[in-house]
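Reviewing the structure listed below.
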Amino acid sequence: GAVVSQHPSRVICKSGTSVKIECRSLDFQATTMFWYRQFPKKSLMLMATSNEGSKATYEQGVEKDKFLINHASLTLSTLTVTSAHPEDSSFYICSARDTGTGMAGELFFGEGSRLTVL
Amino acid sequence: EDQVTQSPEALRLQEGESSSLNCSYTVSGLRGLFWYRQDPGKGPEFLFTLYSAGEEKEKERLKATLTKKESFLHITAPKPEDSATYLCAVGGSNYKLTFGKGTLLTVNP
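Below is the structure:
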């Protein structure tokens, strides 16, 4: 099946620094990618929809200046957590839909990135 | 607002003991109901999509069914390797998915 690669899988940073997480679709093109955040024993929460060549669409309550999303190509979206604080520590997961197959809604997820802010 | 409730939160089975997981949902304009499997520390892995009431899909020991209000994931003769968290999600507009909290399945040998 389609593969979505996410990097890094784990990152530890100091409070106040910025962290970039990459999401790549390896064998298909994705005009739209999605960024989720997952807390332990909680649902995946959609943070934003990343659109290739245009601005991301953020969900209500998500600070767009804190979570910068860039979708520079059909196979790459990045999430930058700016001025990270301990409360930003979480599991961040990206997903993408294979535009070419037209399989509506069948998202492929990355392996996730565990962010720990000290 | 779309909502998804999964039950039970956790389920322990003996190897070979069949059971079902439930996913109740409310959504305006269902575009699809999705089941995913998630292993610890990993991203979700797609299992099934169901689009209309009455639809059923099978994959190995798993069978997903759908009604207008809920979906069931039936597990027949489970094996320890089926242990994982199973997530249910409903799709609305723009492929946005609303997820349930998942059911943690443990299958003991």
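Protein sequences, first through last, are from chains P and U. Residues in the first sequence are numbered consecutively from 1, following my numbering. Residues in the second sequence are numbered consecutively from 1001, following my numbering. Cβ atoms here follow ideal geometry from the backbone N, Cα and C, with glycine treated the same way.
{"query": "Using CA atoms only, rank isn't needed, just tell me which of P:K14, P:T75, P:S83, P:K64 is closest to P:D98.", "result": "P:T75"}
{"query": "Just reading off the beta strand (DSSP E) that P:A123 is part of, what are its end residues?", "result": "Any answer about residue 123 of chain P is impossible in this case: the structure gives chain P only from 1 up to 118."}
{"query": "Would you say P:L118 faces chain U, with C-beta separation under 9 angstroms as the test?", "result": "no"}
{"query": "Let me know if U:Y1025 comes out buried or exposed under the rule of 16 or more other beta-carbons within 10 Å of its beta-carbon.", "result": "buried"}
{"query": "Answer yes or no: does any C-beta atom of chain P fall closer than 9 angstroms to that of U:E1070?", "result": "no"}
{"query": "So U:F1072 and U:S1020 are in contact, right, with Cβ under 8 angstroms, and what is the actual spacing, rounded?", "result": "5 angstroms"}
{"query": "Using a C-beta to C-beta distance shorter than 7 angstroms, which residues of chain U count as neighbours of P:I69?", "result": "What P:I69 touches in chain U: nothing, since even the nearest Cβ is about 15 angstroms away."}
{"query": "Provide the residue(s) that pair with U:E1070 in DSSP beta bridges, ordered along the chain.", "result": "U:S1024"}
{"query": "Using a beta-carbon distance below 9 angstroms, is U:L1066 in contact with chain P?", "result": "no"}
{"query": "Work out the CA separation of U:T1103 and P:P40 for me, nearest whole Å.", "result": "13 angstroms"}
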